[in-house]
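**Student:**
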Amino acid sequence: MKNRALRRVALVAAVASTSALVLAGCSGGGGSASGGDGPVTLTVATFNDFGYTDALLKEYMDAHPNVKIVHNKAATSNDARANYFQKLGKTGLADIEAIEVDWLPEVMEYADLLAPVPDDLKSRWLDYKVKAATSSEGNLIGYGTDIGPEGVCYRSDLFAAAGLPTDREEVAKMLQGDWSTYFAAGDKYVAATGKPFFDSAGGTYQGAINQVEDAYENPDTGEITATKNPEVKKIYDQVLKASATQSAHLGQWSDDWMAGLSNGAFATMLCPGWMLGVIEGNAPEVKGWDIANAFPGGGGNWGGSYLTVPSNGKNVAAAQELADWLTSPDTQIKAFENAGTFPSQTDALKNDTLLSNTNAYFNNAPVGQILTDRAEAVKVSPYKGAFYFQINDAMQKALTRVEDGTQDAATSWQQWVTEVDALK
Amino acid sequence: MTSTLERPTRSAPAPAGARQPRRIGFGQRRSAWDLKFSPYLYISPFFILFAITGLFPIAYTAVISFMDWDLVRNSGHFIGFDQYAWVLSQPKFWVALRNTFSIFLLSSVPQLILAIFIAAMLDQNIRAKTFWRMSVLIPYVMAPVAVALIFSNMFGDQYGVVNTTLQNLGLPAVPWHSDALASHVAIATMVNFRWTGYNTLILLAAMQAIPREFYEAATVDGAGKVRQFFSITLPSLKPTLIFVIITSTIGGLQIFDEPRMYDQYGTGGADNQWLTVTLWLYNIGWGEWNFGRAAALAWILFLIILVIGAINMLVTRSLVRDEGGRDQRSRRERRAQARAAQQRLEADAARLSTPTKEARR
């Protein structure tokens, strides 16, 4: 009896697995012809808004009559990230897949699964854009699209009330310098108004840590050095000391923070190019926001994306050609006009369309020129290894614990050290 | 046709008492198979589907939990119980377990009390019954993520509706996102909002199945509404309550949507204030892509739920055996009564076997 039951289970399992195989076979079967000048269908998967409009893609299709482009947009980069890692190394990814700088370190672990960018294109991008996506074998695996050069956004109306300069040239002059200059300005503002100067310790820390070359890990050995790096501790202490009096304690992207953008809960914020849209979107009725051509400690970059070509795709050569065109300076300028994505190509930074771009919401600030200057000021390409994301995430939580009063700075640091030590 | 005609003629000459073995026709054998196997065939779609979508993933998860698994390359190497040891050695795990149970208790207990109360009210003779009954179910129809979004907005630390109201009343603001207990209360509120109505309807259905004669008799005996509720309604509800408790236990231990949507990061708070086991599982799996660890944690959670389920079942059994607690006699009394009844029956049977006038009539 027992035997028969077992046999029956085995049969069911066999039937089940066979049908699964058949199903899998079906899904793998359908595909387009590849190679040569035959008709090719290329799929492009992006998220949020890369500025790749139908009109833009049609330009390419007109020039290449044999190519048909299908553009799929994921709603958020998180959806795209989940999809990317579930299918990378298997099948099902688009011919061209967009990735974000935040998860680039994770992608770099699988650099061998991506088709490298041809060597002759490498000079197209800013140095740090290329360096971040170059694998240990020296292969560049991502076609850079946009970057997030950071300036300082400020509320000129609140600055005026505090007796600080309001003109963006003068504000830039006041903020020129290192982080202590920025915090000194904050002290003045707080003394005059009694209100917070910046949004959160976390956002401010992010700006500072992105200027440290090897903050958390040793690029040669991969060893985690975060807890022993004196620079990390220095930034932690400096930011928290300032945060005690100057921070509005509003964690970025929280509902309170979004409300704070419009209700004047803080007067300044570190501002990558793409943040301008976020501010405008959350505080459409506020008149005072402006952007200064300055960033504490030199330059800083926050965010940006790449296009990758999975090497097991069916049309790798054709996909590489399209990725090449999509990230060319001319196309990226058009994408910038479409969606405000700030180009990462050196030639595009000299383009008149970009340089003459102004933003009406930010008091007609010449954001094209300002962000170009900020992009050129970025000198450091921080190394982000396999554990960068987890270490940084734990650090953000450590800062939040101090900000919301759950722990003091020393206890929170200690807990962070314990958490980082648990990583392996 | 022929076989049915033939068979009686063959068996007819056989002497009564000594039965001849008959040849069994195919049709008969088929109908025997039909009787034996058809039920299995009819329920097989569910079990085949379950094997593919339920059993296989569970077994595969067990395999992966013993490995250092690389999702992208779809490969891993066997490392034994290391992942389990890692999970159990993390202080985060115990914090997550504490949070899960805290949120579970904060949501289930008030929820059930409230559900019973509302159901008792709806069971009364009120106007527009259907309207009220449907209304309590509406929160359940809302998507959990939508509920979480609305409530997260209300529980904002500085500009949320709740804290603004508290401050207007001159009360101190509650640190919803930094104090562990406060965050548990907020999350439990979302769960309660969603599930109270659902449980209310189930309990209401059970209440309506209670024979009205009980209440009439109790009224005649002079019992008030409150006494009737505690002496008739509650005891009759026990089997249904057990069902509701078990389902809310399973749901409570797997709570995910609400804590995930509670803040903008969805990772359980800066000090893991509202990190639940499933939320941590998700973060390990889909945040760090460490499926070996996530699988080990999934199995640990599975075992925890099994243990809680077993405790539930033991409690259930002891409650159901006394038929909803209406039987107030002790076990010895019940046994004695059962013995007496048995003896009476035997006596009756003996009386019946000796034919008497009375029995024939």
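Top line first, the protein sequences correspond to chains A and B.
In terms of the working numbering, the first sequence opens at residue 768 and continues consecutively.
In terms of the working numbering, the second sequence opens at residue 2 and continues consecutively.
For every residue, glycine included, the Cβ atom is placed at its ideal position computed from N, Cα and C.
Kindly indicate the opening and closing residues of the beta strand (DSSP E) around E867/A.
**Tutor:** That run of the beta strand (DSSP E) goes 863-867.
**Student:** Could you pull the DSSP bridge partners for L1074/A from this structure?
**Tutor:** In DSSP, L1074/A forms a bridge with A865/A, Y910/A.
**Student:** DSSP three-state call for Q1112/A: helix, strand or coil?
**Tutor:** Q1112/A: strand per DSSP, three-state reduction.
**Student:** Does the beta carbon of D1022/A sit closer than 8 angstroms to a beta carbon anywhere in chain B?
**Tutor:** It does; some Cβ of chain B falls within 8 angstroms.
**Student:** On the DSSP bridge assignment, give the partners of H838/A in chain order.
**Tutor:** H838/A is bridged to V811/A.
**Student:** Tell me the DSSP secondary structure of T279/B in three-state form.
**Tutor:** Reduced to three states, the DSSP call for T279/B is helix.
**Student:** Is the beta carbon of P1039/A sitting closer than 8 angstroms to the one on W1069/A?
**Tutor:** Yes, they are a contact pair.
**Student:** From Q1005/A, V1134/A, S902/A, pick the residue whose C-alpha is nearest to that of E873/A; which is it?
**Tutor:** That would be S902/A, whose Cα lies nearest to the Cα of E873/A.
**Student:** Within the continuous beta strand (DSSP E) that includes G77/B, where are the two ends?
**Tutor:** First-last of the beta strand (DSSP E) with G77/B: 76-79.
**Student:** According to DSSP, is E917/A helix, strand or coil?
**Tutor:** It is a strand residue.
**Student:** Which chain A residues sit within Cβ distance under 9 angstroms of Y160/B?
**Tutor:** Under the 9 angstroms cutoff, chain A gives D1022, D1023, A1026, G1027, N1030, A1032.
**Student:** Taking the alpha-carbon positions, what's the L824/A to L1089/A distance?
**Tutor:** One C-alpha to the other measures close to 10 angstroms.
**Student:** Tell me, to the nearest whole angstrom, how far the beta carbon of W281/B is from that of G269/B; I am working on the premise that it is less than 8 angstroms.
**Tutor:** The pair is a contact, with the Cβ atoms about 7 angstroms apart (cut-off 8 angstroms).
**Student:** Where A968/A and K1081/A are concerned, what is the direct C-alpha to C-alpha distance, given to the nearest angstrom?
**Tutor:** So the two alpha carbons sit approximately 47 angstroms from each other.
**Student:** Which chain B residues sit within Cβ distance under 9 angstroms of Q1099/A?
**Tutor:** In chain order: nothing, as chain B lies at least about 29 angstroms away.
**Student:** Of all the residues that make up the region 838-857 of chain A, which are near chain B by a beta-carbon distance shorter than 8 angstroms?
**Tutor:** Those residues of the region 838-857 of chain A that come within reach of chain B (Cβ to Cβ, closer than 8 angstroms) are A849, F852, Q853, L855, G856, K857.
**Student:** If we count Cβ pairs, one from each stretch, closer than 8 angstroms, do we get three or more for the region 148-158 of chain B versus the region 260-268 of chain B?
**Tutor:** Contact between the region 148-158 of chain B and the region 260-268 of chain B is present, because at least three Cβ pairs lie under 8 angstroms.
**Student:** For a contact defined as C-beta to C-beta under 8 angstroms, what are the partners of D1171/A on chain B?
**Tutor:** Correct list: D158, P176, H178, S179, A271.
**Student:** Flag this pair as yes or no: are the beta carbons of L931/A and Y910/A separated by less than 8 angstroms?
**Tutor:** Cβ distance not < 8 angstroms, so L931/A and Y910/A don't count as in contact.
**Student:** Would you mind telling me which residues of chain A sit closer than 9 angstroms to S66/B, beta carbon to beta carbon, in chain order?
**Tutor:** Within 9 angstroms Cβ-Cβ: nothing; S66/B doesn't reach chain A, min ~17 angstroms.
**Student:** Taking only beta-carbon atoms, is V73/B less than 8 angstroms away from chain A?
**Tutor:** Judged by the 8 angstroms Cβ criterion, V73/B is in contact with chain A.
**Student:** Which residues in chain B sit within 8 angstroms of A1189/A, going by Cβ to Cβ distance?
**Tutor:** Ordered by position in chain B, the residues that pass the 8 angstroms Cβ test against A1189/A are Q91.
**Student:** Suppose the cutoff is 6 angstroms on Cβ atoms and the five residues either side in sequence are ignored; what does the same chain contact list for G1064/A look like?
**Tutor:** Here the set comprises D945, W946, Q978.
**Student:** Does any residue of chain A bring its CB to less than 8 angstroms from the CB of S153/B?
**Tutor:** It does: the Cβ of S153/B has a partner Cβ on chain A nearer than 8 angstroms.
**Student:** Tell me, to the nearest whole angstrom, how far the beta carbon of G1067/A is from that of E917/A; I am working on the premise that it is less than 8 angstroms.
**Tutor:** Contact flag correct, Cβ pair sits at about 4 angstroms.
**Student:** Using a threshold of 8 angstroms, state whether the C-beta atoms of L880/A and G856/A are closer than that.
**Tutor:** Yes, these two residues count as a Cβ contact at 8 angstroms.
**Student:** In the region 288-303 of chain B, which residues sit with their C-beta less than 7 angstroms from some C-beta in chain A, listed in chain order?
**Tutor:** For the region 288-303 of chain B, which is checked against every Cβ of chain A, the residues closer than 7 angstroms are E289, W290.
**Student:** Which residues in chain A have a C-beta closer than 8 angstroms to the C-beta of D1/B? List them in chain order.
**Tutor:** Outside the displayed range of chain B (2 to 362) lies residue 1/B, so it cannot be described from this structure.
**Student:** Decide if Y61/B is buried, meaning its Cβ has at least 16 other Cβ atoms within 10 Å, or exposed.
**Tutor:** Label assigned to Y61/B: exposed.
**Student:** Kindly list the residues whose CB is nearer than 6 angstroms to the CB of R848/A, restricted to its own chain and excluding five residues on each side of it in sequence; keep chain order.
**Tutor:** The answer, listed in chain order, is W870.
**Student:** Tell me whether the region 836-853 of chain A and the region 810-824 of chain A touch, counting them as touching only if at least three CB pairs, one residue from each stretch, are closer than 8 angstroms.
**Tutor:** Contact holds: three or more Cβ-Cβ distances are below 8 angstroms.
**Student:** Looking at the unbroken alpha helix (DSSP H) that takes in M1042/A, where does it start and where does it end?
**Tutor:** That run of the alpha helix (DSSP H) goes 1042-1049.
**Student:** Just reading off the alpha helix (DSSP H) that A958/A is part of, what are its end residues?
**Tutor:** Looking at the DSSP string, the run of the alpha helix (DSSP H) that includes A958/A is 946-960.
**Student:** Taking 8 angstroms as the CB-CB limit, is D264/B close to chain A?
**Tutor:** Taking Cβ atoms only, chain A reaches closer than 8 angstroms to D264/B, which makes this a yes.
**Student:** I want to verify the contact list: residues of chain B whose CB lies under 8 angstroms from the CB of E873/A, in sequence order.
**Tutor:** Within 8 angstroms Cβ-Cβ: W290.
**Student:** Given this structure, state the Cα-to-Cα distance separating D1022/A from A1165/A, to the nearest angstrom.
**Tutor:** Roughly 20 angstroms between the two C-alpha positions.
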